[in-house]
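First up is the structure itself, then whatever we jot down about it.
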Amino acid sequence: MTRDPDRPGSRVDARQERLSTPREIHGQRHSGMTLIELLIAMAVFAVISAITYGAIRSAVETQRRVEARTNRFTALQMAMAVMERDILQMVDRSIRDEYGERIPALQSARDDFRLMEFTRTGWQTLAGVRGMRLRRIAYALEEDRLLRLTWNVLDRAEDSLPWSSVLLTGVENVEIGYLNTDGEWVSEWPLEWMGEERPSAPGFPRAIEIRIELAGIGWIRRLLALPEGGDGNSDSESGSNSGSDSDSNPGSDSKPDPESEKK
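At position 151 of the sequence shown (counting the first as 1) the number is 151 in full-length UniProt numbering, and the numbers step up by one without a gap.
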């Protein structure tokens with residue numbers, strides 16, 4: 001039986017036949033991603049994201065470590081500058097402590113707390129008048145902190161308390177050496193101290209060596225030659241018992257001790 005193409009039913013049947021052929025089905029398929037392709041794309045994206053995150057995190061951690069180390073050395077230079085300023089302005093003026101005992105102008109560790117104690121001079125402006133003032137300075141190690149103790153009076157009373165400031169943190173150990181007039185390094189100063197009956201002032205060492213061991217860095221060494229070359233200034237009971245100087249902090253060229261490179 002022959003179909004009439006002009007009949008409505010015949011047109012519908014012809015359209016269905018065209019759509020059912022493989023050629024027409026292939027031509028009508030819409031382009032897109034299958035589930036497997038989508039999973040592969042997501043896996044690749046995850047790998048790239050992980051690599052990028054790791055690189056960024058590594059860069060941030062490196063920057064933090066560099067900044068922390070830079071800040072550490074900056075704090076070290078500031079502490080060394082303060083100590084250098086104090087030591088180079090040392091004067092030979094003995095004092096009396098809170099118990100009335102005579103103490104030399106420069107004294108090494110008196111106990112497990114204080115590392116070194118000495119008298120220093122400095123400039124201060126009071127009421128528009130600039131003059132010299134003397135003060136007593138001590139360095140102490142408390143736990144992991146290097147402290148600077150300051151007495152604004154030289155001959156102290158029982159209630160005389162020092163003003164304390166933190167010079168450096170993360171300190172594991174501090175060693176101070178003194179170069180005597182014979183060219184020998186000693187760990188105590190003065191070598192001989194007669195107290196009330198001493199015939200002459202003990203003077204100062206020719207140089208002072210400060211070695212600081214910092215956590216994560218090692219030993220830092222600083223050598224300071226005293227301007228008086230070990231002779232010291234004349235011992236005198238004169239001078240003001242109070243005052244605070246306004247010196248600015250000089251620079252410091254402290255460098256790591258070569259011994260620390262071996263650790």
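A virtual CB, placed ideally from N, CA and C, is assigned to each residue, including glycine.
{"query": "Cβ neighbour criterion (16 or more within 10 Å) applied to Q63", "result": "exposed"}
{"query": "Beta-bridge pairing of L223 - partner residues as DSSP gives them", "result": "E209"}
{"query": "Rounded separation between I36 and F45 - CA only", "result": "14 angstroms"}
{"query": "For F118: DSSP bridge partner residues", "result": "L106 and I137"}
{"query": "Beta-carbon proximity of D144 to V166, cut-off 7 angstroms", "result": "no"}
{"query": "Proximity below 7 angstroms, CB of R102 to CB of R110", "result": "no"}
{"query": "For L224 and E209, the rounded distance between their alpha carbons", "result": "6 angstroms"}
{"query": "Residues that DSSP places opposite I176 in a beta bridge", "result": "I210"}
{"query": "Ordered list of beta strand (DSSP E) runs contained in the stretch 47-117, each at least 3 residues", "result": "106-108"}
{"query": "Short Cβ contact (7 angstroms threshold) for M132 with T119", "result": "no"}
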